[in-house]
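A.B. asks: The opening residue of the sequence shown carries number 1 in our numbering; numbering runs sequentially from there. From the three backbone atoms N, C-alpha and C, an ideal C-beta is built for every residue, glycine too. Predicted model only: the values in this text are computed from it and were never measured. Pasting a structure below so you can have a look.
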Amino acid sequence: MELEPTDAARVDPTVPVFGGPTGLDTDGTVAGEPVASYQPNGSRTSAKQGRSLGAADAGLAHLVETRPPGRPGDSGSGYLDADGRAFGVLSTLFTDGSDTNGVTDLAHALDYVTAFGGIGEVELVPGRTPFRLRD
Numbered sequence: 001m002e003l004e005p006t007d008a009a010r011v012d013p014t015v016p017v018f019g020g021p022t023g024l025d026t027d028g029t030v031a032g033e034p035v036a037s038y039q040p041n042g043s044r045t046s047a048k049q050g051r052s053l054g055a056a057d058a059g060l061a062h063l064v065e066t067r068p069p070g071r072p073g074d075s076g077s078g079y080l081d082a083d084g085r086a087f088g089v090l091s092t093l094f095t096d097g098s099d100t101n102g103v104t105d106l107a108h109a110l111d112y113v114t115a116f117g118g119i120g121e122v123e124l125v126p127g128r129t130p131f132r133l134r135d
């Protein structure tokens, strides 16, 4: 989104609970890699941790497992890797009873918008507080 320069200082891109993002994950996730997400869904806001089940579709997507999984209303929530780097956005909810979700790769999405969006370069803004996984 575009902000007026006078408003930019008032916006904090920090992920609640976890901090970060520390940057953009450009090499995707591997199976077993810890992941984290903050999903503000009405009164059920929750910080979620889990693991990646690996990348799919030539790195355009990732399969993640968290408990509880993302639910309707959580779509668009960001995902961070174990180093606090943003790697994806929740895009697919599965109804098979598993704790898994599909996540669109953020680096690929930003590259696509930059190339074809007609708005110039789009980039991630790091959070203001350090990243840490919860115990």
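Looking at the strands, I want to know which residues DSSP matches up with G23.
C.D. replies: R85, per the DSSP bridge assignment.
A.B. asks: Given a cut-off of 8 Å, decide if A61 and V103 are closer than it, judged by their beta-carbon atoms.
C.D. replies: Their beta carbons are under 8 Å apart, which means V103 touches A61 by this criterion.
A.B. asks: Whole alpha helix (DSSP H) runs in the region 60–113 with 4 or more residues, listed along the chain?
C.D. replies: Within the region 60–113, no complete alpha helix (DSSP H) run reaches 4 residues.
A.B. asks: If we count Cβ pairs, one from each stretch, closer than 8 Å, do we get three or more for the region 47–56 versus the region 1–10?
C.D. replies: Output reads no: the region 1–10 does not touch the region 47–56.
A.B. asks: Could you pull out every residue in the same chain whose Cβ sits closer than 8 Å to the Cβ of F18, ignoring the five residues on either side in sequence?
C.D. replies: Excluding residues within five positions, the ones whose Cβ falls inside 8 Å are A36, Y38, A47, L80, G84, F131, R132, L133 and R134.
A.B. asks: In chain order, what residues of the same chain lie with their CB nearer than 6 Å to the CB of G20, ignoring the 5 residues before and after it?
C.D. replies: Closer than 6 Å at Cβ, skipping near neighbours: L80, G84, G127 and F131.
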